[in-house]
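Chain order of the listed sequences is A and B. Each step along the first sequence adds one to the number in the numbering used here, with nothing skipped, and position 151 is 151. Here the numbering used here = 1-based position in the second sequence + 1000. Every residue gets a Cβ at the ideal spot worked out from N, C-alpha and C, and that includes glycine. Note that the structure is predicted; figures quoted are calculated from it, not measured.
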Amino acid sequence: MTIETNSQTVFGHRRTIKWLLILAVGMFGFGFAMVPLYKLVCSVTGWNSIDSNSAQASTADISQEIDLDRTVTVTFDGTINAGLPWEFKPLVRKLEVTPGKSYKADFYVKNYSNREIVGQAIPGITPWQGTEHFHKTECFCFTQQTLAAGESRVMPLRFTVDARLPKEIKFLTLSYTLMDTDRSALKANAGLVKH
Amino acid sequence: MSDAITHEAHHHGPPTGAKRWLYSTNHKDIGTMYLIFALIMLFLGGAMAMVIRAELWMPGLQLVEPDFFNNLVTNHALIMVFAVVMPAGVGLANWMIPLMIGAPDMAMPRMNNMSFWLLPPAAILLVLSMIVPFFGGGQTVNTGWTLYPPLSIQSGMGMDFLIFTVHILGVSSIMGSINIITTIINMRAPGMNMMKMPIFVWSWFFTALLLIVIMPVFAGGVTMLLFDRHFGTSFFDAAGGGDPVLFQHIFWFFGHPEVYVLLLPSIGVLGMIIPTFSRKPLFGYKSLVYGMAVLYGLGLIVWAHHQYTIGMSIETTTYFMIGTILISIPVGLMIFNFIFTLWKGSITFETPMLFALAIILMFSFAGTTGVMLAVVPADLQYHDTYFVVAHFHYALIPGSLFGLYAAVFFWMPKWTGHMYNERLGKIFFWWTTIGFNLTFFPQHFSGLAGMPRRIVDYNMIFTEFNVMSSVGAFAFGLSHLLFLYIIIKTVKGGEKATTEVWDGSSIGYAGLEWTVPSPPPFHTFEKAPVVK
Ligand code: HEM
Ligand SMILES: [Cu+2]
């Protein structure tokens, strides 16, 4: 090559390249650092969630008031997270509830695999404005569910919709996603009992 | 090395066969290869779009399976972003930056060669990712270009091919960017200080710096995806304690700045073309440079406007909304720079200028829909509808693709030594512009009426809009055959181009490319020119 490469520019090149490489490698690291950072920032500040429905018994002060003037339709939904060979569904699809009164709804679950699997249900409420007014007093989602091969179970949920629920909300959907806690489905896709 | 290369001006026949291209370290040859690669991929990505529009011609399922449809949507986007606009931009950078700043070549010619030759294998992997599902490779990649888990964890082998494609493209563009910045910082001709550089060079300076910051993050994100898929980690899998939303943050931390990677080189091109054909120096050169710097900074911290619907806290959402709306200030500034350059200029309407003017108009439109989308309560309705599709096609086709077309018409006489056929150029301009608008304008309406994106079928009520879109899309697609014809014709021959090519070319902060013959000899500026 006839490109004039006096030592000045070569030295300049090296320095520029060094800094740019450091930047690139650093940003690759930053990508991974986002994992703990995200968890930390979100758990400290709560920025990531508008209001989350937790899988714990409600500790919020439940108003004792009963609102007989209206009813709210609560729809139940059960979804299985990828690959878990379970069946999971609500036994009642819909309930007309009076705010302030306590209700019970059952969910059915069955393990179709030939192994014991530990699952955990994660709840979510739509619309999110209803979240803080939906109180679960008893729920299968408070604990993990261990099901032996082929075992089935009916799981209870007891809840109250708070009378302070904004008037314009007439429908609530409670949706559970059932997670495979030890990701056994991913580890062994074999061994399904056909139904 | 130099004995493999002849020193006189080169014409189309490569003097030493395939080796000239395989081992090329010449910035002009590598630039040409990048541009040709982008053109080929434009036809591939475009063909996919044609299938998509043919399927959407009528409601119901006509041509393709739903999963394959979504695969087409995914790969169309990935090809257009990573294999068309980005390589074409790098191709322009390769050709023009050394010529503009008076450097003999790029700083690292061999690395330059490698950056390019990584692209064809990446393209092959990308095509394979579509084919493997037909040979027992599991579920197609039907996630859309955003590759969101959990779906992307469940897709079949094609997803792994795509992940490796992203890795390779990432390495290629990082190397390319390091090369470009090193060239700009260290290889300017004496007297060409930073604030005298043509605006195109500045635009690539920021683009390259942006790529170095965001590509590694994206590469990291897809690497985690790969781990979740095969090695039992749970970065994004909720069952193992991960969070799928985290992937969205990683993706859009990359994805939002990426739109500026696509946009900025074309803004640089406009900054060269508009002064040339208005015969007036660029208005507010410094403000444009600072505007790009502000865009760079703001662009990195507003990513979550793509995620308003994930249920962030009100404070976070508000922050991202305000940040996003602020972005329209530097974007608007650029538009005003161009409009004030036009003001009282003696304007002529050659093809590159026609494109430039149309870009200003149509890109402003995208900016307007962008601000609408930035407003959270509105976006909750617009999100994932065709309104978003219309927004970003108005941003990307005028903002990036037409900028590249304008550049091709602007510099093709310099590259080939021949003037293109102005009449054909104008026909192409009108044909492609009308086709584009006919395709995407109706999508604003179908989007506002609620038609969701990335779905193979739609409600009957959207039929008319979709028929319009499809007719427009076929016209738009077809116009590119004329584009190809014009390019081939110009390479083969035509009226001889002068050194200056355009009578207004050396006005304002012009590059030194207008001081070398058209076409430039194989080696230029072996003795550094001095800029007054
Ligand atoms: C004034 C400037 C802009 C604003 C305020 C803006 C705002 C937005 C917002 C809020 C969205 C998310 C919409 C949704 O998914 O609900 C969006 C999507 C998008 N924008 Fe823009 N935008 C602007 C300019 C641009 C530019 C210049 C480009 C590219 C050159 C661009 C490309 C895109 C793309 C590709 C998407 C869709 C990504 C996807 O979901 O696949 N935008 N924009
Ligand atoms: Cu964005």
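Straight through space, the alpha carbons of residue 1170 (chain B) and residue 123 (chain A) are spaced by roughly 38 Å.
Contact between the stretch 41-49 of chain A and the stretch 1312-1324 of chain B is present: three or more C-beta pairs spanning the two stretches fall below 8 Å.
The C-beta distance from residue 31 (chain A) to residue 1250 (chain B) rounds to 6 Å, short enough to fall under 8 Å. Within the DSSP secondary-structure output, residue 123 (chain A) pairs in a beta bridge with A:176. Residue state for residue 102 (chain A) is assigned as strand, using DSSP reduced to three classes. Near chain A, meaning a CB-to-CB distance below 8 Å, the residues of the stretch 1177-1208 of chain B are 1177, 1178, 1181, 1182, 1185, 1186, 1187.
For residue 1227 (chain B), the enclosing alpha helix (DSSP H) covers residues 1199-1230. Around the beta carbon of residue 1230 (chain B), fewer than 16 other beta carbons sit within 10 angstroms, so the residue counts as exposed. Restricting attention to alpha helix (DSSP H) runs no shorter than 4 residues, the stretch 1345-1430 of chain B encloses them at 1351-1374, 1376-1382, 1386-1396, 1403-1416, ordered along the chain. Chain-order list of chain B residues neighbouring residue 47 (chain A): 1312, 1313, 1315, 1316, by C-beta distance under 8 Å.
Neighbourhood of residue 176 (chain A) in chain B, by CB distance below 9 Å: empty, with the nearest CB roughly 12 Å away. Distance from residue 158 (chain A) to residue 138 (chain A) at the Cβ level is roughly 4 Å; contact confirmed, criterion being Cβ atoms closer than 8 Å.
Of the residues assessed, residue 1381 (chain B) falls on the exposed side of the cut-off, its CB having fewer than 16 other CB atoms within 10 angstroms.
In the three-state reduction of the DSSP assignment, residue 147 (chain A) falls in the strand class, which pools E and B. In terms of beta-carbon proximity, residue 77 (chain A) stays away from the interface with chain B, with every pair separated by 7 Å or more.
Chain B has no Cβ within less than 7 Å of the Cβ of residue 172 (chain A). Residue 1116 (chain B) does not reach chain A, its nearest Cβ partner there being about 18 Å away, counting only Cβ pairs nearer than 7 Å.
Using a cutoff of 6 Å, the CB of residue 1383 (chain B) counts as near ligand 1, since one of the ligand's heavy atoms is closer than that. Taking a Cβ-Cβ cut-off of 7 Å, the neighbours of residue 1239 (chain B) in chain A comprise 81, 179, 180, 181, 183, given in sequence order.
Not a single C-beta of chain A is nearer than 7 Å to the C-beta of residue 1097 (chain B). In the displayed model, residue 1266 (chain B) falls within a helix according to three-state DSSP. Contact annotation: in the stretch 1020-1033 of chain B, residues whose CB is within less than 8 Å of a CB in chain A are 1025. Here residue 34 (chain A) is buried: its Cβ has 16 or more other Cβ atoms, across all protein chains shown, within 10 Å.
Counting only residues of its own chain and dropping the five nearest sequence neighbours on each side, residue 1121 (chain B) has a CB closer than 8 Å to the CB of 1168. Nearest CB-CB separation between residue 1246 (chain B) and chain A: below the 7 Å threshold. In summary, the residues of the stretch 1211-1231 of chain B whose CB is separated from some CB of chain A by less than 7 Å are 1212, 1213, 1216, 1217, 1219, 1220, 1221, in the order they occur in the chain. Boundaries for residue 1118 (chain B): no alpha helix (DSSP H) harbours it, and the DSSP string shows neither H nor E there.
Counted as a single uninterrupted DSSP element, the beta strand (DSSP E) harbouring residue 77 (chain A) occupies residues 72-80. Using a Cβ-Cβ cut-off of 7 Å, residue 1378 (chain B) does not count as an interface residue toward chain A, since no Cβ of chain A sits closer than that to its own. Between the stretch 1270-1285 of chain B and the stretch 1354-1364 of chain B there are three or more C-beta pairs closer than 8 Å, enough to call the two in contact.
Within the same chain, and ignoring the five residues on either side of residue 1345 (chain B) in sequence, the residues whose Cβ sits closer than 7 Å to its Cβ are 1278, 1279, 1280.
Below 8 Å, enough C-beta pairs join the stretch 1474-1492 of chain B and the stretch 1419-1436 of chain B to call them touching: three or more. The beta-carbon distance between residue 1292 (chain B) and residue 1202 (chain B), rounded to whole angstroms, is 6 Å. This is short enough to meet the 8 Å contact definition. Distance from the CA of residue 1196 (chain B) to the CA of residue 1116 (chain B), rounded to the nearest whole angstrom, comes to 29 Å. In the structure shown, residue 1315 (chain B) falls within a helical segment according to DSSP collapsed to helix, strand and coil. In this structure, the beta-carbon distance from residue 1087 (chain B) to residue 1047 (chain B) does not fall below 7 Å.
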